[in-house]
Amino acid sequence: MISASTALPLRVAIIGAGQVADKVHASYYATRSDVQMVAVMDSRLEQAQAFAERHAIPSAWQDAHQMLQAVKPDVVSVCSPNRFHYEHVIAALAAGCHVMCEKPPAMTPQQADEMRLAARRAGKVLAYDFHHRFALDTQLLREAVQSGTFGEIYFTTAQALRRCGVPGWGVFTNKSLQGGGPLIDIGIHMLDAAMYVLGFPAVKRVTAHSFQKLGNRKNRGQFGEWDPAQFTVEDALFGTIEFCNGGVLRLDTSFALNIREQSIMNVSFCGEKAGATLFPAHIYYDEAGVLQTIAQREEADDQRHLRSMDAFVRHLLGEPVMIADAEQGLVIQQLVAALYQAAETGESVTLC
Ligand SMILES: NC(=O)c1ccc[n+]([C@@H]2O[C@H](COP(=O)([O-])OP(=O)(O)OC[C@H]3O[C@@H](n4cnc5c(N)ncnc54)[C@H](O)[C@@H]3O)[C@@H](O)[C@H]2O)c1
0 MISASTALPL RVAIIGAGQV ADKVHASYYA TRSDVQMVAV MDSRLEQAQA
50 FAERHAIPSA WQDAHQMLQA VKPDVVSVCS PNRFHYEHVI AALAAGCHVM
100 CEKPPAMTPQ QADEMRLAAR RAGKVLAYDF HHRFALDTQL LREAVQSGTF
150 GEIYFTTAQA LRRCGVPGWG VFTNKSLQGG GPLIDIGIHM LDAAMYVLGF
200 PAVKRVTAHS FQKLGNRKNR GQFGEWDPAQ FTVEDALFGT IEFCNGGVLR
250 LDTSFALNIR EQSIMNVSFC GEKAGATLFP AHIYYDEAGV LQTIAQREEA
300 DDQRHLRSMD AFVRHLLGEP VMIADAEQGL VIQQLVAALY QAAETGESVT
350 LC
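Counting from 0, one number per residue, gives the positions in the sequence shown under numbering that gives the first Met the number 0.
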């Protein structure tokens, strides 16, 4: 949290001036009078300069370390490609900044753990932008779990599936810069939402299968064009996570898969007493073959991404607001790594 000596407005710098920095981070910060964007950095200087101009940010940089030293921000948003999250988060924490880092936390659990320890040593907040847990839908289900509405939840399915939604921008098909395909990019979101609702139960064992069947053959889809010859990530992964409490979580994720729907981003929970779907939240039970509704939202909350940013800033300002913290970020990174390892080796990965 911000110490009493930190003056407002909070001075924020952004690293990685791409689309999420533009549409979410800068757009959110611009709504607050107690936050001032003071600098932006991108490895392409002209990108940083154009971003600075668009958001009325006074300085644009090509080197993160020089920017941190010269500008001394209070807060840094890390929005660079996955491969650089570790370097940028560690540098920002070392410069005495609180950090909001885009998902995934890093490329490996070892990096995510070092980032967690660095934040602890520096006494700074490190939050990750797992924004689906901030949806009102997710909050409703988490409260229902806590109040015992479901009884024991023994089966959960998390799906982040696209029929043909390979990202046509950025480095999302490049394994060495991205760390993987749909699992580390979109599956991770539904995984975090599921784990959050379940209360992060301890994991016993992970199994998975991954495929590369369409991304290296097709070249055009819902999110533009890509080069199939440069498609080095999985295009689908199907995993099972077994919890120490006996429950099971199925995770299905794809950039390209011959499903009927264009996209599915959802989680379902099945408990002894009731079940639920997440987006939009619907909690129900069966009575003699008839579905009875316990609670329901008409539409899924579309403000969840701004709520994630809002929670981070309010947390910094001392409000008792939940964030996706460095400990939970590490658990999610460990699960992603275990799913990839299980898919690559064909062996189950035991975690406890
Ligand atoms: N929370 C979400 O839902 C969400 C949505 C989109 C992206 N993201 C995450 O945000 C990050 C960026 O994604 P994006 O869609 O904005 O990508 P993008 O390609 O639009 O932007 C990335 C930017 O980083 C710059 N860059 C590349 N290497 C760099 C380096 N070494 N140092 C600084 N800048 C560098 C690029 O020039 C580009 O401007 C990724 O980690 C992605 O997973 C999260």
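For each residue, glycine too, the CB sits at the ideal point set by N, CA and C. Since this is a predicted model, take the numbers as computed values, not measurements.
- Query: Who are the Cβ neighbours of Thr137 in its own chain at under 7 Å, not counting the five residues just before and after it?
  - Reply: Walking along the sequence shown from the start, residue 137 turns up at place 138. Only residues of its own chain outside the window of five on either side were considered, and among them His131, Ala192, Tyr195, Val196, Leu277 have a CB closer than 7 Å to the CB of Thr137, listed in chain order.
- From Pro227 to Lys71, what does the alpha carbon distance come to, in whole angstroms? The residue labelled residue 227 in the question sits at position 228 within the sequence shown. The residue labelled residue 71 in the question sits at position 72 within the sequence shown. Computed Cα separation, rounded: 42 Å.
- Query: Just reading off the beta strand (DSSP E) that Arg259 is part of, what are its end residues?
  - Reply: The residue given as residue 259 occupies position 260 in the sequence shown. Note, Arg259: premise wrong, no beta strand (DSSP E); not H, not E.
- Item | Cutoff 7 Å; reference Glu151; Cβ partners in own chain excluding five residues on either side | Translated into positions along the sequence shown, residue 151 becomes position 152. Result list for Glu151: Gly270, Glu271, in chain order.
- Proximal residues to Pro108 (C-beta, below 7 Å), its chain only, five neighbours per side dropped: On the sequence shown, residue 108 is found 109 positions in, with the first residue counted as 1. Apart from the 5 residues on each side of it in sequence, Pro108 sits with its Cβ closer than 7 Å to the Cβ of Leu329, Gln332, Gln333, Ala336 in its chain, given in chain order.
- Identify whether Lys356 lies in helix, strand or coil by the three-state DSSP scheme. Nothing can be reported for residue 356, as the shown portion of the chain is limited to 0 through 351.
- Query: Is it true that the region 154 to 172 meets the region 234 to 249, where meeting means three or more beta-carbon pairs spaced less than 8 Å apart?
  - Reply: Touching, yes, given that three or more Cβ pairs across the two stretches are closer than 8 Å.
- Taking the C-alpha atoms as reference points, what is the distance between Ala55 and Gln48? For the purposes of this step, residue 55 is identified with residue 56 of the sequence shown, where counting begins at 1. For the purposes of this step, residue 48 is identified with residue 49 of the sequence shown, where counting begins at 1. So the two alpha carbons sit approximately 10 Å from each other.
- Please say whether Val77 and His97 have beta carbons closer to each other than 8 Å? Position 98 of the sequence shown, counting from 1, holds the residue named residue 97. Position 78 of the sequence shown, counting from 1, holds the residue named residue 77. Taking the C-beta atoms as reference points, Val77 is found no nearer than 8 Å to His97.
- Message: Given 7 Å as the limit, tell me if His24 has its C-beta closer than that to any heavy atom belonging to ligand 1.
- Response: Translated into positions along the sequence shown, residue 24 becomes position 25. For ligand 1, not one heavy atom lies less than 7 Å from the Cβ of His24.
- Would you call Gln177 buried or exposed, if buried means 16 or more other Cβ atoms sit within 10 Å of its Cβ? Locating residue 177 in the sequence shown gives position 178, counting from the first residue. Classification of Gln177: buried, given that the 10 Å Cβ count is 16 or more.
- Message: Can you give me the C-alpha to C-alpha distance between His304 and Ala310, rounded to a whole angstrom?
- Response: Numbered from 1 along the sequence shown, position 305 holds the residue referred to as residue 304. Numbered from 1 along the sequence shown, position 311 holds the residue referred to as residue 310. The alpha-carbon of His304 is positioned some 10 Å away from that of Ala310.
- Query: Val39 lies in the beta strand (DSSP E); which residues open and close that run?
  - Reply: If you number the sequence shown from 1, residue 39 lands on position 40. Counting along the chain, the beta strand (DSSP E) containing Val39 begins and ends at 34 to 40.
- Task: Specify, as a first and last residue, the run of the alpha helix (DSSP H) that His354 falls within.
- Result: Nothing in the structure corresponds to residue 354, since the chain is present only between 0 and 351.
- Which value, in whole angstroms, describes the spacing of the CA atoms of Gly167 and Asp300? The residue labelled residue 167 in the question sits at position 168 within the sequence shown. The residue labelled residue 300 in the question sits at position 301 within the sequence shown. Their backbone Cα atoms lie some 26 Å apart in a straight line.
- If you measure from the CB of Ser79, is any heavy atom of ligand 1 nearer than 7 Å? For this step, residue 79 is matched to residue 80 along the sequence shown. For ligand 1, at least one heavy atom lies less than 7 Å from the Cβ of Ser79.
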